[in-house]
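Peer 1: Dumping the structure here so I can ask a few things about it.
In the working numbering, the protein residues as written are 824 to 1228.
Here it is as structure tokens:
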């Protein structure tokens, strides 16, 4: 999660805000008829343009005048609101809570959004802010001011400056041609008068100052040689003819480069190593059988790249393909609200590298946050593979995927 620590608001605080019709910390909706408007409001409150350093609140089930709209707040409605945090449309992910409250006798869904520590936050590529009691798209100057707020914040490791690198170590062509269109709304790009450095800084790839310096996420996302600055930022692939590391090595590769190259190369290796058998006897039509489902392997290795510890370890993500199983290990154990005990449980997610996660979402390698393990489990079950086995330690995570019988 991003932003300041989550602290619940009591009913008296919420009622006071509910009565403030012109407040720039409040938005009211009679229903969820237009989910996009709620997402824009979440984005605006996360950006906290007025600088209140206080949460903004969205009341669902209240009319503009503050009177009750008679909405029935169901579990489905609360789930729909909660999903707005992690469906990948609001980046970076906001810190927010969703609750059902009864205020002044009115049943209301309350969305509480805390200011982000590393703005600007975007909804579908646009930066939304509060201007008094209304929402608006941020101007260039307003976006610059949001960007500058990150300098004094307690930033995550993936926003750490790399002092030995410069803007020349970032791939300008890929940034302009591929990444910008994937991260920024087309209408914003059409009127974009920012310099290259300003554009990279806005997306957290660069810090502006006397000397503009790439960040960890900038080097990982669009760096010309990430492993030169982050020694463990690669994937080590090993194919073993046998079931132990002492058996003969059939193939080995070091997969290097920025995230797009890493993902493309490891996908090609997975496709080359997955074995496909054909059954023409047990059914009237031909049945193809794979020893491993590609979807599961993709989800697990992408999770490893996304969640690995880039600050405290020079070890790579390791993929070891044995005759009977595949082992994937990444340096970096559970983080934040994810613990040794609750690792892998649906709905329990946190991000050591929230900006790396944002990059992978923008490039299409992640469709929705927090569901990679569940997708992998389902793909393996559908293919007839045993369930994956996770060995979770404080400083690494090892997942074992067994070959389909």
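Just so it is clear, CB atoms sit at the ideal spot from N, CA and C, and this is done for glycine as well.
1) May I have the straight-line CA-CA distance separating residue 1169 from residue 1200, to the nearest angstrom?
2) Per DSSP, what kind of secondary structure is residue 1011 in: helix, strand or coil?
3) Taking Cβ to Cβ, would you say residue 909 is nearer than 7 Å to residue 1192?
4) Considering only residues of the region 1038-1071, which uninterrupted beta strand (DSSP E) runs meet the minimum length of 3 residues and lie entirely inside it, listed in chain order?
5) Given a threshold of 16 other Cβ atoms within 10 Å of its Cβ, counted over all protein chains shown, does residue 1213 qualify as buried or as exposed?
6) Hey, residue 1058 and residue 1073 are a contact pair by Cβ (cut 8 Å); roughly how many whole angstroms apart?
7) Is the beta carbon of residue 911 within less than 6 Å of some heavy atom of the ligand GTP?
8) Buried or exposed: which applies to residue 854, given that a residue is buried once 16 or more other Cβ atoms fall within 10 Å of its Cβ?
9) My assumption, with CB atoms under 8 Å, is that residue 951 sits in contact with residue 958. Please give the rounded CB distance.
10) Take residue 871 and list the residues in its own chain whose beta-carbon comes closer than 6 Å to its own, dropping the five residues that flank it on each side.
11) Could you give the residue range of the alpha helix (DSSP H) that holds residue 1120?
12) Given that a residue counts as buried once 16 or more other Cβ atoms are within 10 Å of its Cβ, and exposed if not, what is residue 1103?
13) Considering Cα atoms alone, identify which of 1217, 1100 and 900 is closest to residue 1164.
14) If you draw a straight line from the alpha carbon of residue 944 to that of residue 922, how long is it in whole angstroms?
15) If contact is defined by three or more beta carbon pairs under 8 Å, each pair taking one atom from either stretch, is the region 895-911 in contact with the region 977-989?
16) For residue 902, which three-state DSSP category applies?
17) According to the neighbour-count rule (16 or more other Cβ atoms, all chains shown, within 10 Å of its Cβ), is residue 915 buried or exposed?
Peer 2: Working from what's here:
1) 11 Å
2) helix
3) yes
4) 1058-1063
5) exposed
6) That belief does not hold up - the Cβ atoms of residue 1058 and residue 1073 are roughly 17 Å apart, past 8 Å.
7) The ligand GTP is not part of this structure, which contains no ligands at all.
8) exposed
9) 6 Å
10) 938
11) 1117-1130
12) Interpretation of residue 1103 is limited by its pLDDT of 48, a score under 50 that renders its predicted location unreliable; the figure taken from the coordinates is listed afterwards. Residue 1103 should be labelled exposed.
13) 1217
14) 22 Å
15) no
16) helix
17) buried
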